[in-house]
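Sequential numbering from 0 applies to the sequence shown in numbering that gives the first Met the number 0. Structure first, commentary second.
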Amino acid sequence: MSALGKVVRSGMGRRRVQTLVLALTTLTAVLSSVLSLGLLTAVQAPFDHAFHTRNGAHLAVQFDDSKVTATQTTATAHAAGVTEAAGPYPIAAALDTTVGTDCPKTDWAGHDNGPITVTTRPDLGSTSGMDQLVLTQGRWPTSPGEIALPANDYADACFGSSVVFSSLPGKPSFKVVGFADSVTNSATGFATADGFARLTAAGAKSDTQMLYRFAKAGTDADIAADKQAVAAAVPAGAVQDGQSYLIAQWQATGNAKAFVPFLVAFGILGLVLSVLIIAIVVSGAVASGTRRIGILKSLGFTPSQVTRAYTAQAMIPATLGVVLGTVIGNLAAGPVLNGASKQLDAADTTIPLWVSAMVSIGTLLIVGITASIPALRAGRMSAVQALVVGRAPKAGRGQAAQRLASRLPLPRAVSLGLAQPFAKPARTVLVGAAVLLGTVSVTFAVGLGTAFSKYQDTTMSSGFNVASKIVEPTADVGVPWGQYGPNDPRHPYLDAAKVAAALAEVPGTKAAFGWGDSGATMVGAPIGGEPPVLYTVSGDFSWTNMELLSGRWYSAPGEVVVGDKLASAVGIHVGDYLTVVRQNKQLSLKVVGINFDTHGSTDYTAITDAATFTAAGLTPHIDQFNVELASNVDGADWSTSAAAALTPLNASVQPNSDGGRNLVVIIMDTLVAMFTLMLTVVAALGVLSTVVQDTRERVHDLGIFKALGMTPKQTIAMVLTSVTLTGLIAGLIGVPIGVAVEKATQGPMSHAIGRHLPPSVTHAYTAGLLLPLLAAGVVIALLGALLPAGWAARSRTATALRTE
Numbered sequence: 000m001s002a003l004g005k006v007v008r009s010g011m012g013r014r015r016v017q018t019l020v021l022a023l024t025t026l027t028a029v030l031s032s033v034l035s036l037g038l039l040t041a042v043q044a045p046f047d048h049a050f051h052t053r054n055g056a057h058l059a060v061q062f063d064d065s066k067v068t069a070t071q072t073t074a075t076a077h078a079a080g081v082t083e084a085a086g087p088y089p090i091a092a093a094l095d096t097t098v099g100t101d102c103p104k105t106d107w108a109g110h111d112n113g114p115i116t117v118t119t120r121p122d123l124g125s126t127s128g129m130d131q132l133v134l135t136q137g138r139w140p141t142s143p144g145e146i147a148l149p150a151n152d153y154a155d156a157c158f159g160s161s162v163v164f165s166s167l168p169g170k171p172s173f174k175v176v177g178f179a180d181s182v183t184n185s186a187t188g189f190a191t192a193d194g195f196a197r198l199t200a201a202g203a204k205s206d207t208q209m210l211y212r213f214a215k216a217g218t219d220a221d222i223a224a225d226k227q228a229v230a231a232a233v234p235a236g237a238v239q240d241g242q243s244y245l246i247a248q249w250q251a252t253g254n255a256k257a258f259v260p261f262l263v264a265f266g267i268l269g270l271v272l273s274v275l276i277i278a279i280v281v282s283g284a285v286a287s288g289t290r291r292i293g294i295l296k297s298l299g300f301t302p303s304q305v306t307r308a309y310t311a312q313a314m315i316p317a318t319l320g321v322v323l324g325t326v327i328g329n330l331a332a333g334p335v336l337n338g339a340s341k342q343l344d345a346a347d348t349t350i351p352l353w354v355s356a357m358v359s360i361g362t363l364l365i366v367g368i369t370a371s372i373p374a375l376r377a378g379r380m381s382a383v384q385a386l387v388v389g390r391a392p393k394a395g396r397g398q399a400a401q402r403l404a405s406r407l408p409l410p411r412a413v414s415l416g417l418a419q420p421f422a423k424p425a426r427t428v429l430v431g432a433a434v435l436l437g438t439v440s441v442t443f444a445v446g447l448g449t450a451f452s453k454y455q456d457t458t459m460s461s462g463f464n465v466a467s468k469i470v471e472p473t474a475d476v477g478v479p480w481g482q483y484g485p486n487d488p489r490h491p492y493l494d495a496a497k498v499a500a501a502l503a504e505v506p507g508t509k510a511a512f513g514w515g516d517s518g519a520t521m522v523g524a525p526i527g528g529e530p531p532v533l534y535t536v537s538g539d540f541s542w543t544n545m546e547l548l549s550g551r552w553y554s555a556p557g558e559v560v561v562g563d564k565l566a567s568a569v570g571i572h573v574g575d576y577l578t579v580v581r582q583n584k585q586l587s588l589k590v591v592g593i594n595f596d597t598h599g600s601t602d603y604t605a606i607t608d609a610a611t612f613t614a615a616g617l618t619p620h621i622d623q624f625n626v627e628l629a630s631n632v633d634g635a636d637w638s639t640s641a642a643a644a645l646t647p648l649n650a651s652v653q654p655n656s657d658g659g660r661n662l663v664v665i666i667m668d669t670l671v672a673m674f675t676l677m678l679t680v681v682a683a684l685g686v687l688s689t690v691v692q693d694t695r696e697r698v699h700d701l702g703i704f705k706a707l708g709m710t711p712k713q714t715i716a717m718v719l720t721s722v723t724l725t726g727l728i729a730g731l732i733g734v735p736i737g738v739a740v741e742k743a744t745q746g747p748m749s750h751a752i753g754r755h756l757p758p759s760v761t762h763a764y765t766a767g768l769l770l771p772l773l774a775a776g777v778v779i780a781l782l783g784a785l786l787p788a789g790w791a792a793r794s795r796t797a798t799a800l801r802t803e
């Protein structure tokens, strides 16, 4: 080993704590940076690649053919902002389908296959033009009786058999010859022109679809403006639907993007804290090693070698932290990225190599630059000056503070500690900044964790999830009642009026309401992913604490309250109208409110009174009753009484199950706790490193104090007091900053999951939570100072006096 290498190894060996601090702080910064940047890139890349390769459409607009001519539709290709257009194509939306009885898996024959939107293109297999369709299995239809569908469990099991359009008169059937998709879900079923004519002949309403690309289409606001420009080019009311590519993008990335905002915040905090800790450690090493620097130079070490030696003492542990942070970050991203690109038929998503390389190299550059500044000072130091200079503070520094503190009615050990930070103000500022960032991290994490808990509690304890007991249809043996879709004839439903009357007669019933999937399809709702659901409700559910974000609850047939996710995706506002289709009958519902939907069974929901369907001549679907019991009622006794009344109605009582905590929230909570712990420990270790250095520099003073009668307890009090004021000030400043960071992070996170959170979730901080947080800075500072305070108390007076 070279002489320079021995100097580096010796320096790291003598400063094991500082070496650990450097490794841990860079690990934290790299881990959060790799996760945030990697997730953002990895979840976005498959969709962006597919969208670019297939020349996806920014907007797919459906026109009502009864209100617009073909010429007018074609002319929208020249609307303001349009750079490219394709179409018009015929389209039939919201057609209910079931699996044909010829399905090889007989258990699935006749199953509700859900609604699809069928279109035809001049050349289904074209590899040019806009919105190129991709065939994932089988072949394209070539005859009027064939169709290509999106892959799902039922269709996959019944490939080669038939699908029946159950909502159309005559129930026309088509043979499924292939699975295909559009990257932006512009349609979900593809037939030949003659096959499409079969649907319209059977009663399907045919409209027209146009596809557009725009000069500006990066945000929801851009898309809304683009859609408005298209709508302005045709008669009023002609535009029925505008399917944005941003919705398909969100469906492809799932919840993964929700992790990015808070990981970015932790990444920035970790990076800034890394710079501070490196500056503290290396500056401290130079300041405490002044005599050593003089000896090295007297032995022939050049200024460049001294600079490299002190820089290397920071770079080696930092490199270890970078490697560990990169590896752990890539491993931790796996659960978050799982399934993010399945619907695009992409390979398993991983963090791109360039992200890990860029973060690693960038962090090492920052470490190198930060460490080299005090290291250059060591290199420029004169050998003679370094050998003769003492380590004590310069005469006069901090004496004014000492005199002022001595006048306070405090024990002398405490007043000495209070004045100590003023002896080295630059070092005190660095320590205060480290404690401040630790306080910001703790405050941010506590607020974020509280918001997560409130979100989870709201999801599990409001709306359709709330009930003491659940009443469901009595299922056939071996066949769960929820086995079949809402439009499957085998799906059992409850007689809402009779069940409600029976429950009202059971002693101990406090409140009850019935609800179920109406089976209606929403026109203009997102096509891909889980289909939107319109729930029909019978009875009063005000006791469930479901929250409104705007508007009011429905009060008459024909009114609907829309979930916040659906409202955001489609651009629905209070006062708009929502068109739904069931059994080929259209209903126009007025939106009177937007609610914070926490049902969780699908991304897009709406709620209407069961009377809405009764008034239209349709039977509402009610397949569950939620029952609230009086507070003094025994659940088992009530179930026994209810069973006697419900059995004749083919209904049975089931216990309510909340389904447990949301996995995404659990992962987020774990990451927040992990990063908070790491940043808090790093901040405390930064304090420890500084106090250790201060204590070693003042060891002679400690000997004098002890010779004059200072006890070990007084020594500990003096050392701890020396960081208390710094910690208090840092805490008072850090808490408001932490609150602001949490508020700034909450918005992008809720936007990433397509939600507008209610005040019950967003108002995370209370007085009872903030007051203890104000002491976080003091706690972090004291934690860092405990060990060196104990060392100072145990040091022997004679040993301290001999140290110069």
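By construction, the Cβ of each residue, glycine as well, lies at the ideal position given by its N, Cα and C atoms.
Just the C-alpha distance for residue 112 and residue 98, rounded to the nearest angstrom, thanks. Position 113 of the sequence shown, counted from the start, is the residue given in the question as residue 112. Position 99 of the sequence shown, counted from the start, is the residue given in the question as residue 98. Spanning the two alpha carbons is a distance of roughly 6 Å.
Please work out which residues of its chain come closer than 6 Å, Cβ to Cβ, to residue 39, disregarding the five sequence neighbours upstream and downstream, and give them in chain order. Here residue 39 is taken as the residue at index 40 of the sequence shown, counted from 1. Cβ within range, chain order: 259.
Considering only C-alpha positions, which residue in the set 8, 9, 16, 362 is nearest to residue 787? Within the sequence shown, residue 787 is the residue found at index 788, counting from 1. Nearest neighbour of residue 787 by Cα position, chosen from 8, 9, 16, 362, turns out to be 16.
Candidates 72, 620, 583: which alpha carbon is nearest residue 228's? Translated into positions along the sequence shown, residue 228 becomes position 229. Among 72, 620, 583, the Cα nearest to that of residue 228 belongs to 72.
Three-way DSSP call (helix, strand, coil) for residue 158 in this model: Taking the first residue of the sequence shown as 1, we reach residue 158 at position 159. DSSP places residue 158 in coil when its eight states are reduced to three.
Per-residue DSSP class, three states only, for residue 707: Position 708 of the sequence shown holds residue 707. Judged by DSSP in its simplified three-state form, residue 707 adopts coil rather than helix or strand.
Rounded straight-line distance, which links the Cα of residue 59 to that of residue 540: Residue mapping note: residue 540 aligns to position 541 of the sequence shown, counting from 1. Residue mapping note: residue 59 aligns to position 60 of the sequence shown, counting from 1. Between residue 540 and residue 59, the C-alpha separation is close to 37 Å.
Could you tell me the boundaries of the alpha helix (DSSP H) in which residue 776 lies? Working through the sequence shown from its first residue, we reach residue 776 at position 777. Boundaries of the alpha helix (DSSP H) around residue 776: 775-793.
Does the separation of the CB atoms of residue 90 and residue 118 fall below 9 Å? The count along the sequence shown starts at 1 and reaches residue 90 at position 91. The count along the sequence shown starts at 1 and reaches residue 118 at position 119. Using a Cβ distance threshold of 9 Å, residue 90 and residue 118 count as a contacting pair.
Can you list, in chain order, the residues of its chain with a C-beta nearer than 7 Å to that of residue 810? Leave out the 5 residues immediately preceding and following it. Because the chain here runs from 0 to 803, residue 810 falls outside it and cannot be looked at.
For residue 182 versus residue 247, is the C-beta distance shorter than 9 Å? For this step, residue 182 is matched to residue 183 along the sequence shown. For this step, residue 247 is matched to residue 248 along the sequence shown. It is a contact, given that the beta carbons lie within the stated cut-off.
Pairwise C-alpha distance: residue 697 and residue 391: Along the sequence shown, one-based indexing puts residue 391 at 392. Along the sequence shown, one-based indexing puts residue 697 at 698. Note that residue 391 scores a pLDDT of 45, beneath 50, so its modelled location is shaky; the value from the coordinates is reported in the next line. In this structure, the CA atom of residue 391 is about 7 Å from the CA atom of residue 697.
Taking DSSP's pairing of strands, which residues face residue 594 in a bridge? The sequence position of residue 594 within the sequence shown is 595, counting from 1. Here residue 594 is bridged, per DSSP, to 547, 562.
List in chain order: all unbroken alpha helix (DSSP H) runs of 4+ residues lying wholly within the segment 704-769. Whole alpha helix (DSSP H) segments, 4+ residues: 711-751, 758-761.
Backbone secondary structure at residue 113 - three-state DSSP: Residue mapping note: residue 113 aligns to position 114 of the sequence shown, counting from 1. When secondary structure is reduced to three states using DSSP, residue 113 falls in the strand class.
Determine the contact status of residue 95 and residue 449, defining contact as a CB-CB distance below 9 Å. In the sequence shown, counting from the first residue as 1, residue 95 sits at position 96. In the sequence shown, counting from the first residue as 1, residue 449 sits at position 450. It is not a contact, given that the beta carbons lie outside the stated cut-off.
Would residue 136 be called buried (16 or more neighbouring beta carbons within 10 Å of its own) or exposed? Here residue 136 refers to the residue found at position 137 when the sequence shown is read from its first residue. The residue in question, residue 136, is exposed, as its Cβ has fewer than 16 Cβ neighbours within 10 Å.
Whose C-beta lies closer than 8 Å to the C-beta of residue 236 among residues of the same chain, with five residues either side of it excluded? For this step, residue 236 is matched to residue 237 along the sequence shown. Within the same chain, and ignoring the five residues on either side of residue 236 in sequence, the residues whose Cβ sits closer than 8 Å to its Cβ are 63, 66.
Which of the three DSSP states, helix, strand or coil, is assigned to residue 323? In the sequence shown, counting from the first residue as 1, residue 323 sits at position 324. Residue 323 carries a helical assignment under DSSP once its states are collapsed to helix, strand and coil.
Quick one: Cα of residue 268 to Cα of residue 726, how far? As a working mapping, residue 268 is identified with position 269 in the sequence shown. As a working mapping, residue 726 is identified with position 727 in the sequence shown. Distance from the CA atom of residue 268 to the CA atom of residue 726, rounded to whole angstroms, is 18 Å.
Report yes if the CB atom of residue 148 is closer than 9 Å to the CB atom of residue 162, and no otherwise. Position 149 of the sequence shown, counted from the start, is the residue given in the question as residue 148. Position 163 of the sequence shown, counted from the start, is the residue given in the question as residue 162. In contact: residue 148 and residue 162 (Cβ atoms closer than 9 Å).
To the nearest angstrom, report how far apart residue 116 and residue 104 are at their CA atoms. Locating residue 116 in the sequence shown gives position 117, counting from the first residue. Locating residue 104 in the sequence shown gives position 105, counting from the first residue. Straight-line measurement puts the Cα of residue 104 at about 25 Å from the Cα of residue 116.
Contact check, residue 497 vs residue 627 under 8 Å by CB: the rounded distance? The residue given as residue 497 occupies position 498 in the sequence shown. The residue given as residue 627 occupies position 628 in the sequence shown. Not a contact, Cβ separation roughly 20 Å.
Measuring CA to CA, which of 282, 676, 729, 464 is closest to residue 655? Residue 655 sits at position 656 when you count from the first residue of the sequence shown. Looking at the Cα atoms, 464 is the closest of the given residues.
Which residues in the same chain have their Cβ closer than 6 Å to the Cβ of residue 316, if we skip the five residues on either side of it in sequence? Walking along the sequence shown from the start, residue 316 turns up at place 317. Contacts found: 18, 21, 22.
Once DSSP output is grouped into helix, strand and coil, what is the label at residue 300? As a working note, residue 300 is residue 301 in the sequence shown. Of the three classes helix, strand and coil, the one that applies to residue 300 here is coil, per DSSP.
Residue 203 versus 582, 329, 546, residue with shortest Cα-Cα distance: The residue labelled residue 203 in the question sits at position 204 within the sequence shown. Checking every option, the nearest Cα to that of residue 203 belongs to 582.
On a CA-only basis, which of 595, 606, 596 is nearest residue 577? Give me that one, please. Against the sequence shown, residue 577 aligns to sequence position 578. Residue 577 has its Cα closest to that of 606, out of 595, 606, 596.
Which class does residue 99 belong to by DSSP, given the choice of helix, strand or coil? As a working mapping, residue 99 is identified with position 100 in the sequence shown. DSSP places residue 99 in coil when its eight states are reduced to three.
Exposed unless 16 or more other CB atoms sit within 10 angstroms - verdict on residue 107: Here residue 107 corresponds to residue number 108 of the sequence shown, with the count starting at 1. Buried, since its Cβ has 16 or more Cβ neighbours within 10 Å.
Quick test of your reading: residue 813 and residue 314, contact by CB under 8 Å. State the CB separation rounded to the nearest angstrom. Only positions 0 to 803 of the chain appear in this structure, which leaves residue 813 out of reach.
Assigned secondary structure, residue 183 (DSSP; H/G/I helix, E/B strand, else coil): Along the sequence shown, read from residue 1 onward, the residue named residue 183 stands at position 184. In the structure shown, residue 183 adopts coil according to DSSP, grouped into three states.
Between the beta-carbon of residue 501 and the beta-carbon of residue 629, is there less than 9 Å? Locating residue 501 in the sequence shown gives position 502, counting from the first residue. Locating residue 629 in the sequence shown gives position 630, counting from the first residue. Taking 9 Å as the cut-off, the beta carbon of residue 501 is found no closer than this to the beta carbon of residue 629.
Beta strand (DSSP E) segment containing residue 513, residue limits: Working through the sequence shown from its first residue, we reach residue 513 at position 514. According to the DSSP assignment, residue 513 belongs to the beta strand (DSSP E) that extends over 508-516.
C-alpha gap between residue 205 and residue 638, whole angstroms: For the purposes of this step, residue 205 is taken as residue 206 along the sequence shown, with counting starting at 1. For the purposes of this step, residue 638 is taken as residue 639 along the sequence shown, with counting starting at 1. Rounded to the nearest angstrom, the two C-alpha atoms are 51 Å apart.
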